[in-house]
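Peer 1:
Protein chains: 2
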Amino acid sequence: MKKTNFLLFLLLVGFLTQRSIWAQSDLLGFSKEMAAKQLELESKFDSQLDAKNLDAWTKLMASHPHHVGSPWGKKNAEFMVEQFKKWGFDASIEEYQVLFPTPKVRIVEMLEPTSFKASLSEPPVKGDPATAQLDEMLPPYNAFSIDGDVTAELVYVNFGVPADYEELEKMGIDVKGKIVIAKYYGSWRGIKPKVAAEHGAIGCIIYSDPKEDGYYQGDVYPEGAYKLSTGVQRGSVLDMPLFPGDPLTPGYGATADAERIDQEDATNMTKIPVLPISYKDAQPLLAALKGPVAPSNWRGALPITYHIGPGPAKVRLKLEFDWQLTPAYNVVAKMKGSTYPDEWVIRGNHHDAWVHGARDPISGMVALMEEARAVGELAKTGWKPKRTLVYCAWDAEEPALLGSTEWAEHHKDELQKKAVVYINTDGNGRGFLGASGSHTLEKYLDQVSRSVTDPQKGISVFDRRKAAALVQGAPAYPSYQMGAPGAGSDYTPFVHHLGVPIINLGFGGEGSGGEYHTNFDTYNHYTKYIDPGFTYGVTLAQVAGRLSLRMANAEILPFDFKHFYKTVDGYAKEVMKLADDQRAEVERENMLINEGMYDAASDPKKQHKIPSPKVEVPFFNFSPIQNALAELEKSAAAYAAAMAASKLSEQEKAKLNQMLMDMESKLIRDHGLPRRPWYKHHIYAPGFYTGYGVKTFPGVREAIEQGDYKEAQEQILILGEVLDGFVEGVKEAVSVLKKSRP
Amino acid sequence: MKKTNFLLFLLLVGFLTQRSIWAQSDLLGFSKEMAAKQLELESKFDSQLDAKNLDAWTKLMASHPHHVGSPWGKKNAEFMVEQFKKWGFDASIEEYQVLFPTPKVRIVEMLEPTSFKASLSEPPVKGDPATAQLDEMLPPYNAFSIDGDVTAELVYVNFGVPADYEELEKMGIDVKGKIVIAKYYGSWRGIKPKVAAEHGAIGCIIYSDPKEDGYYQGDVYPEGAYKLSTGVQRGSVLDMPLFPGDPLTPGYGATADAERIDQEDATNMTKIPVLPISYKDAQPLLAALKGPVAPSNWRGALPITYHIGPGPAKVRLKLEFDWQLTPAYNVVAKMKGSTYPDEWVIRGNHHDAWVHGARDPISGMVALMEEARAVGELAKTGWKPKRTLVYCAWDAEEPALLGSTEWAEHHKDELQKKAVVYINTDGNGRGFLGASGSHTLEKYLDQVSRSVTDPQKGISVFDRRKAAALVQGAPAYPSYQMGAPGAGSDYTPFVHHLGVPIINLGFGGEGSGGEYHTNFDTYNHYTKYIDPGFTYGVTLAQVAGRLSLRMANAEILPFDFKHFYKTVDGYAKEVMKLADDQRAEVERENMLINEGMYDAASDPKKQHKIPSPKVEVPFFNFSPIQNALAELEKSAAAYAAAMAASKLSEQEKAKLNQMLMDMESKLIRDHGLPRRPWYKHHIYAPGFYTGYGVKTFPGVREAIEQGDYKEAQEQILILGEVLDGFVEGVKEAVSVLKKSRP
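Line by line, the protein sequences give chains A and B. The opening position of the first sequence corresponds to residue 3 in the working numbering, with each subsequent residue numbered one higher. The opening position of the second sequence corresponds to residue 3 in the working numbering, with each subsequent residue numbered one higher.
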């Protein structure tokens, strides 16, 4: 059908069906009558929300360090179960036994050219007594570093990402047998030891340069929100882009009696020892390096000349951990659905922290709790959600998404049958609504974002986000734009392993700081610098609460395929451009190499190495993707049109909802992505070399980026099939809708 | 004529005239026979050059501070006269009496919130005894700051350029009645106090942040080439974009008996006191500021959080100068031309320095001297240049191009009659040939750059420049690309005031440092870090020597109009795009303001002010420029074609050469540019708000940039007339060539 005819057809459909119940409701998934009821419900929900609760719970739950396995962590879990029960939920603790290493020995010392021993400690700060609970907290370390005792020359590797090693190669610097020191940021931290080991390094130190979240960004704690010289970012370095969760129970739940693989067989531990340090500890090491001066985009904000080395700084890194199975306490609280009890709307946030975690995760946790409490209050008035609401407070997110992943793996079959959506938060800040997730949910989120008021400006959350986008240079912002989901929080197993649609959201962009995963993420820091008065905590409860309630009550699940098509079509254009750009770049690079331009332009007084020519990039057959997308465009429009014209019986609604629930799962394939079968989604995945950072069309994109052009073509075929399958699903839904016509 | 026909015509001309003497020489301006002789001469010239001379002269001339008026400065001038005479030149000192302020009182102190007194000194460095001659040198200051004694709160203004004040306005910060502190770089230094005063500031401190040329860039002196914590960049702050030279004799020579205006009537002094300081002195002042944190692109490399203020830092700045008339000793050495004695090829470099000036200016001065010595040796064998060679060593360049400007103004009539070209250098470094100048000289420079060998790589200077351009991302580099001439060295009066074509050149890009205008620009620093062995000094003598010798000996002056057309046509496209971009930007900006987007996106916890809507940018009538350029394209091609077909008599050659000598002067207009009549060139000028940095099509471009759209249209008309006049000149030259056809 030609475009003009097609448009005519749509107009006609619209005209003929203007009496359909759907055409007259602005609320996706609701008839006019039900939409009015839903909005009334949401207004009641809002009136229940009270910032004082968020304040009190944060004060309580963040008053002591509460990592997985800590006494305070257990207390928090028990406290929450009690609350959920009080609010009318069927709540309990689901316990898993997960591997959780904690430090026994941590040594970083410089042996040459001078001697220096790193303090590796975070001394308390005056005026914030919580920071003095040193005996309750885990010292700074990276979880899932292996044990080790290595001594070698030091090399500065910038952020330690693959591009940095290409640069090092051009400078003729090899890290083989060396210890590398990398800055935080630029990638998820676990990428740094992974790439260092791939290049032959034997140890890795990660430090927080003041450029990224220290004095360069703003005044440091307690005068300001940023990282003081002794602040150290803790965090996991398990190779989560391979798979997250308990390394000893890959792909299945870490129940007490589960069979476990040997620790030596776990494939996602680091290959070399790795430890994070403060910039106070890093400065003497960096200042002792000689060799080439680091390129300008490598330099940080310390008052030194950044040299790369290797050496003369010679460093010893010694690490030993206590490798214990530790109980993780997930809190799961259910409120049964009145109409569709076996359709679950899941809402979660983790409760474990690296230290006090006032922001990460408690600020998100307490918003979830207030949301659940308000839902409980609504339920006390006789209202019930149509679908079952499941509120989760995950334990052990910090070490490797352990609580959520084990639960998702453990309940895999049930979840793939029952889960409608998983809505995640993980802390909260002040400013603008940020969200990533399944693109079929974009319109639904867009509608919610327009119905919640920003507490600072009195305009909608959407309008504020739009203003920021326009001021930052976006040409237009017609609807809320969700990012694609990467990894880094508890939604990961749901979307990437199970194929459950997700949204991950939170506020931010104003009131940033350097407290992340340090001893300084305290109640005092949070209420002073991040979200004073918890106004955005309440706003988050409003947004997430609407998401939960609308999904729970919708007559037809509020999925939309036109947004999905538009976004995914954009990804297709991106990867085709990537191939073209890479082809041009390789051609040009090879010309520069072959014609001696690098040599002619190089400074003979500086170390350098001419790179080898690269393999030329072939032209790919992208037609399987293009054809699938052309079909998707048509069927997505047909779905919207048929929906507008439909008049479904209750039975038909139930049938259609079942089909819609299945749509995201059509984007996964059991064989998963190359070299990481745990990741089954073919539209998005965390980057193999970016970690949290998402790669869309990951199979195709990463194959091109890594220069594996045979695999790229194979992945194009697979992706074409995946998209074809999705299109079939949409078409089936359309046929259900068409049959329903009066 | 259509393009294809035109090409056919050119081919035809080429075929018919292949016996012309010009068609067979690759050397612009030389017949085949003369080209061979010229190349032989250049080869003899090369063989005379000896790096040892450059070394010995640098050691001698840079052994003591030698600013204008200093004993060592006079000695250097006398030494050079003696040398030039020895080499066979008619050499003498031409003396001018110029206003040259030197400091009597310099005080910078912080009164609140703590007290601190800036040291304002550059203590000696171990291992470099020259740096200990403190009693011979001028302390750090900015020449032509007014006297003053001001006390006020301090405001950090980044580089202190107009865009920075726009940013401050958006933050709601006013500098009225305040003292500003600005970083060096980002503009010529004189712009900083000028713009500060325009915004109501009462004092200005300029400091060298380690980000730009201190430890951030590399190891500091004496371990490396960069600026140590006590290094201070001296320099002029006279408003040279208004006019350079002696402020008391504007537009005429500052001879001993010249009439002088009152100092109070000089229009180009600063309006507020200004002083440069080191980063050691600046850090306590900057660290004491509060108020908003500076935007990320404003922050330097000091280990502090950069705040903007105003205050609480309260600072006193007190300055008093000794305003003396001081003798400036220009050395002028002539070798009379055998054929065209009244056509002068002028070659210059200044000899005064702020302190020792091993690099600035001596490294360029000694290359010029060696060039002259080699020319002298050639002359001793009986050879004579066809045109008169004039070698100049200017005094008092540093305070305000005093020596060269007074000489150019003093000899204005003679120079406008006799000057063929002015070839300038001003110090030298290692690496790549950089050049700016009149675009009619691009092909001539291109040919020279291909005939000189790079001392490090053994390829031509052109090929090395090309390699760098390609590696840095240029899509192609078919011929040497000269920049347009700004200001900042002694070529300024020649091109901008007299309309004499110029080239300004030097090597650089490798071996940079932070010694510029400090006590650390010494023989030791230069030979260790900048050009060890003076190999690029010899290469500069080869390039500049060829430029001098070819221009002196050419049968037809080597001007080319096709390169000129291409470049100038590019400028036209640029200003048309500027107008379009500015129109779109203003529209967008006004939309953001009027629709409340700035307010909606702003952080209520941060200070800000919504800007006022701007005047919309009209569409301009660019046709006068476009039509002139269309004609220029044709006539430039016709000139090249006619030249290839010509067979000129000696008389015709002389006539044509006279016409060619006049071409650059067709680009000036006696009324000059708006508000600065001293600047008469309409194709290029130093930017009114950038200083050294060039603005092409300055009348049109700056009117658009400043939002004066009426003036923009007026300037388009003037520029159209200027270009029409140039086209007429080319056409007249073509007709001389056509008449000459055999």
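Glycine included, C-beta positions come from ideal geometry on N, C-alpha and C.
(1) Of all the residues that make up the stretch 201 to 222 of chain B, which are near chain A by a beta-carbon distance shorter than 8 Å?
(2) For Ile-207(A), list the residues DSSP reports as bridge partners.
(3) Look at the Cβ atom of Glu-266(A), then the Cβ atom of Leu-56(A), and state whether they are nearer than 7 Å.
(4) Of the choices Pro-676(B), Ser-742(B), Phe-728(B), Val-619(B), whose alpha-carbon is the least far from that of Ala-646(B)?
(5) Using a Cβ-Cβ cut-off of less than 9 Å, give me the residues of the stretch 593 to 619 of chain A that come near chain B, in sequence order.
(6) From which residue to which residue does the beta strand (DSSP E) around Tyr-228(B) run?
(7) Count Cβ pairs between the stretch 77 to 91 of chain B and the stretch 237 to 252 of chain B that sit closer than 8 Å; are there 3 or more?
(8) Determine whether the Cβ of Leu-472(A) lies closer than 7 Å to any Cβ atom of chain B.
(9) Does the pairing of the stretch 287 to 294 of chain A with the stretch 191 to 202 of chain B give three or more beta-carbon distances under 8 Å?
(10) Taking Cβ-Cβ distances shorter than 9 Å, what residues in chain A pair up with Ala-469(B)?
(11) At a cut of 8 Å, does the stretch 312 to 332 of chain B reach the stretch 377 to 392 of chain B through at least three beta carbon pairs?
(12) Could you give the C-beta distance for Met-665(A) and Phe-561(A), rounded to a whole number, given that I count them as a contact under 8 Å?
(13) Near Lys-695(B), which residues of its chain fall below 6 Å by C-beta distance, leaving aside the five closest residues on each side in sequence?
(14) Using the rule of at least 16 other Cβ atoms within 10 Å of the residue's Cβ for burial, across every protein chain shown, is Ile-263(B) buried or exposed?
(15) Under a three-way DSSP split, which group does Gly-359(A) fall into?
(16) Sorted by chain position, which residues of the same chain lie with C-beta nearer than 8 Å to Leu-580(B)'s C-beta, five sequence neighbours on each side aside?
(17) Gln-458(B) touches chain C at which residues, Cβ-Cβ below 7 Å?
(18) Tyr-567(B): which of Gly-205(B), Ala-134(B), Pro-615(B), His-441(B) sits nearest, CA to CA?
(19) Given a threshold of 16 other Cβ atoms within 10 Å of its Cβ, counted over all protein chains shown, does Glu-658(B) qualify as buried or as exposed?
(20) As a quick exercise: from Thr-257(B), Gly-547(B), Val-234(B), pick the residue whose alpha carbon is nearest that of Val-100(B).
(21) Check the Cβ of Ile-279(A) against every Cβ in chain B and list those closer than 9 Å, keeping chain order.
(22) Measure the CB-CB distance between Leu-559(B) and Ser-648(B) and report whether it falls below 7 Å.
(23) Which term fits Asp-492(B), buried or exposed, when burial requires 16 or more other beta carbons within 10 angstroms of its beta carbon?
(24) In chain order, what are the residue ranges of uninterrupted alpha helix (DSSP H) at least 4 long that sit wholly in the stretch 624 to 677 of chain A?
(25) Under three-state DSSP, which class holds Ser-451(B)?
(26) Taking 7 Å as the CB-CB cut-off, is Glu-512(A) touching chain B?
(27) Going along the chain, which unbroken runs of the beta strand (DSSP E) with 3 or more residues stay wholly within the stretch 241 to 298 of chain A?
(28) Using a 10 Å radius around the Cβ and a threshold of 16 neighbouring Cβ atoms, would you call Phe-728(A) buried or exposed?
(29) So which residues on chain B does Leu-304(A) lean against when the C-beta distance must stay under 8 Å?
(30) For the alpha helix (DSSP H) that contains Asp-324(A), what are its first and last residues?
(31) For a contact meaning CB atoms closer than 8 Å, what does Leu-465(B) contact in chain A?
(32) Start and end of the beta strand (DSSP E) containing Asn-555(B)?
(33) Helix, strand or coil: which one does DSSP assign to Asn-526(A)?
(34) Only counting the same chain, and skipping five residues up and downstream in sequence, which positions put a Cβ closer than 6 Å to that of Thr-153(B)?
(35) So, for Met-139(B): in the same chain, excluding its five sequence neighbours on each side, which residues have a beta-carbon less than 6 Å away from its beta-carbon?
(36) So, for Tyr-187(B): in the same chain, excluding its five sequence neighbours on each side, which residues have a beta-carbon less than 7 Å away from its beta-carbon?
Peer 2: According to the structure shown:
(1) Correct list: Pro-212, Tyr-217, Tyr-218, Gln-219, Gly-220, Asp-221, Val-222.
(2) Ile-183(A), Leu-277(A), per the DSSP bridge assignment.
(3) When the beta-carbon positions are compared, Glu-266(A) and Leu-56(A) stay at least 7 Å from each other.
(4) Here the closest residue by C-alpha is Ser-742(B).
(5) Per Cβ criterion, the list reads Met-593, Leu-594, Glu-597, Gly-598, Met-599, Tyr-600, Asp-601, Ala-602, Ala-603, Ser-604, Asp-605, Pro-606, Lys-607, Lys-608.
(6) In this chain, Tyr-228(B) is not harboured by any beta strand (DSSP E), its DSSP state being neither H nor E.
(7) No, because fewer than three Cβ pairs between the stretch 77 to 91 of chain B and the stretch 237 to 252 of chain B fall closer than 8 Å, the two stretches do not touch.
(8) Yes, its Cβ sits closer than 7 Å to a Cβ of chain B.
(9) Because the criterion of three Cβ pairs below 8 Å is not met, the stretch 287 to 294 of chain A and the stretch 191 to 202 of chain B do not touch.
(10) Within 9 Å Cβ-Cβ: Leu-594, Glu-597, Gly-598, Met-599, Tyr-600, Asp-601, Ala-602, Ala-603, Ser-604.
(11) By the criterion of at least three beta-carbon pairs nearer than 8 Å, the stretch 312 to 332 of chain B is not in contact with the stretch 377 to 392 of chain B.
(12) With a Cβ gap of about 6 Å, Met-665(A) and Phe-561(A) count as contacting.
(13) Lys is not the amino acid found at residue 695(B); the sequence shown has Gly there. Excluding residues within five positions, the ones whose Cβ falls inside 6 Å are Gly-488, Gly-689.
(14) By the neighbour-count rule (16 or more Cβ atoms within 10 Å), Ile-263(B) is not buried but exposed.
(15) In the three-state scheme derived from DSSP, where H, G and I count as helix and E and B as strand, Gly-359(A) is classed as coil.
(16) A distance below 8 Å between beta-carbons, with the five flanking residues on each side excluded, links Leu-580(B) to the following residues of its chain, in chain order: Arg-703, Ile-706, Glu-707.
(17) The question asks about chain C, but that chain is absent: this structure's protein chains are A and B.
(18) Per the Cα distances, His-441(B).
(19) Looking at the sequence itself, residue 658(B) is Leu, so the reference to Glu does not match. Burial of Leu-658(B) is indicated by the presence of at least 16 other C-beta atoms within 10 angstroms of its C-beta.
(20) Ranking Thr-257(B), Gly-547(B), Val-234(B) by Cα distance to Val-100(B) puts Thr-257(B) first.
(21) What Ile-279(A) touches in chain B, judged by beta-carbon distance under 9 Å, is nothing: the nearest beta carbon there is about 17 Å away.
(22) The beta carbons of Leu-559(B) and Ser-648(B) sit no closer together than 7 Å.
(23) Classification for Asp-492(B): buried.
(24) Within the stretch 624 to 677 of chain A, the complete alpha helix (DSSP H) runs of at least 4 residues are 625 to 647, 652 to 664.
(25) Of the three classes helix, strand and coil, the one that applies to Ser-451(B) here is helix, per DSSP.
(26) With a threshold of 7 Å between beta carbons, Glu-512(A) makes contact with chain B.
(27) With a minimum length of 3 residues, the continuous beta strand (DSSP E) runs that stay inside the stretch 241 to 298 of chain A are 276 to 279.
(28) Buried: at least 16 other Cβ atoms inside 10 Å.
(29) Per Cβ cutoff of 8 Å: Pro-305.
(30) Segment 316 to 337 is the beta strand (DSSP E) holding Asp-324(A); no alpha helix (DSSP H) there.
(31) It is Asp, not Leu, that sits at residue 465(B) in the sequence shown. Listed along the chain, the chain A residues whose CB falls inside 8 Å of the CB of Asp-465(B) are Ala-602.
(32) Counting along the chain, Asn-555(B) falls outside any beta strand (DSSP E), though it belongs to the alpha helix (DSSP H) covering 537 to 555.
(33) It is helical.
(34) Result list for Thr-153(B): Arg-318, in chain order.
(35) Excluding sequence neighbours, Met-139(B) sits near Pro-67, Val-357.
(36) Contacts found: Phe-161, Glu-214.
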